[in-house]
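**Q** When you line the sequence shown up against the working numbering, it's residues 8 to 370, in that order. Next up is a structure, given as structure tokens.
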Amino acid sequence: MDTILVTGGAGFIGCNFVRMALRQTVSRVVVFDKLTYAGSLLNLKDVEHHPRYEFVRGDIADRRLVAEVLQGFRPTSIVHFAAETHVDRSIEGPRNFLDANVIGTFELLEAALAYYRGLGEKGRDFRFVHVSTDEVYGSLGPQGYFREDSHYAPNSPYAASKAAADHFVRAYFRTFNLPTLITNCSNNYGYYQFPEKLVPLMLLNAAAGRNLPIYGDGLNVRDWLFVEDHCAAVLAVLRYGKIGEKYNIGGGNELNNLQMLEALCSALDERLPAKENPALKARGLTSYLQLRVFVPDRPGHDRRYATDTSRIRNELGWRPACRFEDGIRRTVRWYLDNTAWCETVLAGRSGARPPFIPDNHQS
Ligand code: NAD
Ligand code: DAU
């Protein structure tokens, strides 16, 4: 039986990928995850008894442990999601990002290379898929799109750490012939996203009648993609991608943050009408958008991301399946139906409020 080793499989995108891989392949799926604040076994609760699922807790920077896991489970591929991922946290404390994303990826590559070499002929189908971000390309003006050959210009410590990891992955292919592939995806939204990123943060704050902090003028543009569409793209790259290649992934769905907030508030209003929400009534408000406050901008805030996805569309036949309106409705429903999950993952942790802005901030 084939085995896919999924690093970071207890995080937001990783857990959605694990679920999809168990559904759509016959492979065994082994999750390797450190369970940082962003990872939780609750994200994998529904698959914990699946006969083809295994979990190992560990740090990708621990080369010895990774080597043991590779020898023990003999994976036929590695899909590498594990990372520190929140831009705001990378501004507050870049060091963790260097440790996890750069050193961690390097140690994982070293362990993977040693393992791959040991496979000999049996390793002819082995693949290492590195999951990265469109943020490595920097910021766009009003025109243009990131292409796979766009130059790298990372602006946040997070983006810099992912860019460094991408370069190492590329180098391990070019120098050592490790069969790697890289994906660079745009902003994801969907189930199990830790409530510190824009979408879940705004949803939970709005439902609880808390302020909705918009950085700067709110006109920064992101290209939003439903998480399951990202997972399907990674699966397509894993199966059919060309070794040594990189693939951009995106939703073709550009929205500025004010537009995104309007979409979220409107979907929330459908499920939980603001006029009937006691948390809003207590503040004398009748609409979720009245909770919006403009707060100081994120330092180095990228203005616009937009992705040219022709390569993955033309070469692998992938395209997003979920319409934005449906994805947002499904996401809102999921968060409202899973308040216990939200409370548990947030317990004792900073989330549902940006780290540098007080909850009572008034613009
Ligand atoms: P996440 O923060 O929700 O989850 C990250 C997971 O990695 C967690 O389970 C965490 O415990 C684990 N992890 C962190 N450091 C680790 C380490 N040293 N060893 C082992 N496990 C470790 O992240 P996400 O949003 O699911 O992103 C997953 C990947 O996709 C990341 O590489 C990210 O850069 C990339 N990506 C994310 C987005 C997005 O919109 N969220 C878009 C494009 C690319
Ligand atoms: O583009 C892909 C990237 O998307 C991933 O690589 C990152 O891991 C992921 O976190 C995401 O990065 P962003 O910085 O774009 O996502 P975030 O949800 O933090 O912010 C989205 C936009 O919303 C951004 O312009 C900043 C703004 N924002 C965010 C928060 C948390 C606000 O205005 N207010 C907020 O409270």
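The beta carbon of each residue, even a glycine, is placed where N, CA and C say it ideally should be. This one's a predicted model, so the numbers in the text were calculated from it and none came from an experiment.
Got a sec, what are the start and stop residues for the alpha helix (DSSP H) PHE24 sits in?
**A** Taking the sequence shown and counting its residues from 1, the one referred to as residue 24 is at position 17. That run of the alpha helix (DSSP H) goes 19-31.
**Q** Counting Cβ pairs closer than 8 Å, one from the region 117-131 and one from the region 148-168, do we hit at least three?
**A** At 8 Å Cβ cutoff, the stretches do not touch.
**Q** Excluding five sequence neighbours on each side, which residues of the same chain lie with their C-beta closer than 6 Å to the C-beta of MET8?
**A** For the purposes of this step, residue 8 is identified with residue 1 of the sequence shown, where counting begins at 1. Counting only Cβ-Cβ distances below 6 Å, and skipping sequence neighbours, we find ARG35.
**Q** Does at least one heavy atom of the ligand DAU sit under 7 Å from the Cβ of THR92?
**A** For the purposes of this step, residue 92 is taken as the residue at position 85 of the sequence shown. Yes, since a heavy atom of the ligand DAU falls inside the 7 Å radius drawn around the Cβ of THR92.
**Q** From the DSSP output, in three-state form, read off ASP66 for me.
**A** Counted from its first residue, the sequence shown places residue 66 at position 59. If DSSP states are grouped into helix, strand and coil, ASP66 belongs with coil.
**Q** Would a C-beta distance cut-off of 8 Å place ILE335 and ALA240 closer than the cut-off?
**A** Translated into positions along the sequence shown, residue 335 becomes position 328. Translated into positions along the sequence shown, residue 240 becomes position 233. It is not a contact, given that the beta carbons lie outside the stated cut-off.
**Q** Using a Cβ-Cβ cut-off of 8 Å, state whether THR190 counts as contacting chain D.
**A** As a matter of chain content, chain D is missing from the structure shown, which is built from one protein chain.
**Q** Whose CA, out of ALA347, LEU271, SER163, lies closest to the CA of PRO306?
**A** Counted from its first residue, the sequence shown places residue 306 at position 299. Ranking ALA347, LEU271, SER163 by Cα distance to PRO306 puts SER163 first.
**Q** Would you check whether the ligand DAU has a heavy atom nearer than 7 Å to the C-beta of LEU353?
**A** Taking the first residue of the sequence shown as position 1, residue 353 is located at position 346. No; taking the cut-off as 7 Å, the Cβ of LEU353 has no heavy atom of the ligand DAU nearer than that.
**Q** For ASP141, verify whether its CB is less than 7 Å away from any heavy atom of the ligand DAU.
**A** As a working mapping, residue 141 is identified with position 134 in the sequence shown. ASP141: yes, Cβ under 7 Å from the ligand DAU.
**Q** Out of VAL76, ARG81, LEU29, which one is the CA nearest neighbour of PRO58?
**A** Within the sequence shown, residue 58 is the residue found at index 51, counting from 1. It is LEU29.
**Q** Beta strand (DSSP E) containing HIS308: first to last residue?
**A** Walking along the sequence shown from the start, residue 308 turns up at place 301. Unbroken run through HIS308: none, as it is neither H nor E.
**Q** Does the ligand NAD have even one heavy atom less than 7 Å from the beta-carbon of ILE20?
**A** Within the sequence shown, residue 20 is the residue found at index 13, counting from 1. Result yes, Cβ under 7 Å from the ligand NAD.
**Q** Give the DSSP-derived three-state secondary structure of PRO58 in the structure shown.
**A** The residue given as residue 58 occupies position 51 in the sequence shown. PRO58: coil per DSSP, three-state reduction.
**Q** Put LEU296 into one of helix, strand or coil per three-state DSSP.
**A** The residue labelled residue 296 in the question sits at position 289 within the sequence shown. Looking at LEU296 - three-state DSSP - the assignment turns out to be helix.
**Q** Across which residues does DSSP place LEU205 in a beta bridge pair?
**A** Position 198 of the sequence shown, counted from the first residue, corresponds to residue 205. None, per the DSSP bridge assignment.
**Q** Would you mind giving the Cβ-Cβ distance between LEU296 and GLU252, rounded to the nearest angstrom? I have them listed as a contact below 8 Å.
**A** For the purposes of this step, residue 296 is identified with residue 289 of the sequence shown, where counting begins at 1. For the purposes of this step, residue 252 is identified with residue 245 of the sequence shown, where counting begins at 1. The Cβ separation is near 43 Å, so there is no contact.
**Q** Report the three-state DSSP secondary structure of TYR159 (helix, strand or coil).
**A** Mapped onto the sequence shown, residue 159 falls at position 152. If DSSP states are grouped into helix, strand and coil, TYR159 belongs with coil.
**Q** For CYS22 and PHE183, what's the separation of their Cα atoms in angstroms?
**A** The residue labelled residue 22 in the question sits at position 15 within the sequence shown. The residue labelled residue 183 in the question sits at position 176 within the sequence shown. Taking the straight line from one Cα to the other gives about 30 Å.
**Q** THR140 and LYS169 - do their beta-carbons sit closer together than 8 Å?
**A** Working through the sequence shown from its first residue, we reach residue 169 at position 162. Working through the sequence shown from its first residue, we reach residue 140 at position 133. The answer is yes: Cβ separation under 8 Å.
**Q** Here's the rule I'm using: 16 or more other beta-carbon atoms within 10 Å means buried, otherwise exposed. How should VAL33 be labelled?
**A** The sequence position of residue 33 within the sequence shown is 26, counting from 1. Exposed is the call here.
**Q** Hey, GLY41 and GLY16 are a contact pair by Cβ (cut 8 Å); roughly how many whole angstroms apart?
**A** Along the sequence shown, read from residue 1 onward, the residue named residue 41 stands at position 34. Along the sequence shown, read from residue 1 onward, the residue named residue 16 stands at position 9. With the sequence shown as reference, residue 41 is identified as Lys, and Gly is not the correct amino acid for it. Between GLY16 and LYS41 the Cβ distance is about 11 Å, and since that is not below 8 Å, they are no contact.
**Q** Along the chain, where does the beta strand (DSSP E) containing PHE39 start, and where does it finish?
**A** In the sequence shown, the residue the question calls residue 39 occupies position 32. Taken as a continuous stretch (DSSP letters only), the beta strand (DSSP E) holding PHE39 covers 35-40.
**Q** CB VAL76 to CB PHE39, shorter than 8 Å?
**A** The residue given as residue 76 occupies position 69 in the sequence shown. The residue given as residue 39 occupies position 32 in the sequence shown. Contact: yes.
**Q** Where DSSP assigns a beta bridge to SER193, which residues make up the other side?
**A** Start at 1 with the first residue of the sequence shown, and residue 193 comes out as number 186. Note: SER193 sits in no beta bridge, so no partner.
**Q** Taking 7 Å as the cut-off, does the CB of PHE135 come closer than this to any heavy atom belonging to the ligand NAD?
**A** By one-based count along the sequence shown, residue 135 stands at place 128. No, the Cβ of PHE135 stays beyond 7 Å of every heavy atom of the ligand NAD.
**Q** Taking only the alpha-carbon atoms, compute the straight-line gap between ALA243 and PRO285 and give it to the nearest angstrom.
**A** Counting from one through the sequence shown, the residue named residue 243 turns up at place 236. Counting from one through the sequence shown, the residue named residue 285 turns up at place 278. Between ALA243 and PRO285, the C-alpha separation is close to 45 Å.
**Q** Kindly confirm or deny that the region 315-327 and the region 171-181 touch, where touching means at least three C-beta pairs closer than 8 Å.
**A** With a cut-off of 8 Å, the region 171-181 and the region 315-327 do not count as touching, because too few Cβ pairs lie within range.
**Q** Would you mind giving the Cβ-Cβ distance between VAL73 and LEU115, rounded to the nearest angstrom? I have them listed as a contact below 8 Å.
**A** Locating residue 73 in the sequence shown gives position 66, counting from the first residue. Locating residue 115 in the sequence shown gives position 108, counting from the first residue. 6 Å between Cβ atoms; contact.
**Q** Which residue comes first and which comes last in the alpha helix (DSSP H) that contains PRO164?
**A** As a working note, residue 164 is residue 157 in the sequence shown. Where PRO164 is concerned, the enclosing alpha helix (DSSP H) stretches over 164-183.
**Q** The ligand NAD and VAL138: does any heavy atom of the ligand fall closer than 7 Å to the residue's C-beta?
**A** Position 131 of the sequence shown, counted from the start, is the residue given in the question as residue 138. Yes, the beta carbon of VAL138 sits closer than 7 Å to at least one heavy atom of the ligand NAD.
**Q** Using a Cβ-Cβ cut-off of 7 Å (strictly less than) and excluding sequence neighbours within five positions of ARG81, which residues of its own chain qualify?
**A** One-based indexing of the sequence shown puts residue 81 at position 74. Counting only Cβ-Cβ distances below 7 Å, and skipping sequence neighbours, we find THR10.
**Q** If we ignore side chains and look at the alpha-carbon of each, how far apart do HIS93 and LYS204 end up?
**A** Reading the sequence shown from its first residue, position 86 is the one you call residue 93. Reading the sequence shown from its first residue, position 197 is the one you call residue 204. Whole-angstrom Cα-Cα distance: 7 Å.
**Q** What does the Cβ neighbour count give for GLY111, buried or exposed, with the cut at 16 atoms within 10 Å?
**A** For this step, residue 111 is matched to residue 104 along the sequence shown. Counting Cβ neighbours within 10 Å, GLY111 comes out buried, since at least 16 surround it.
**Q** Mapping DSSP to helix, strand and coil, what is TYR144?
**A** In the sequence shown, residue 144 corresponds to position 137, counting from 1. Looking at TYR144 - three-state DSSP - the assignment turns out to be helix.
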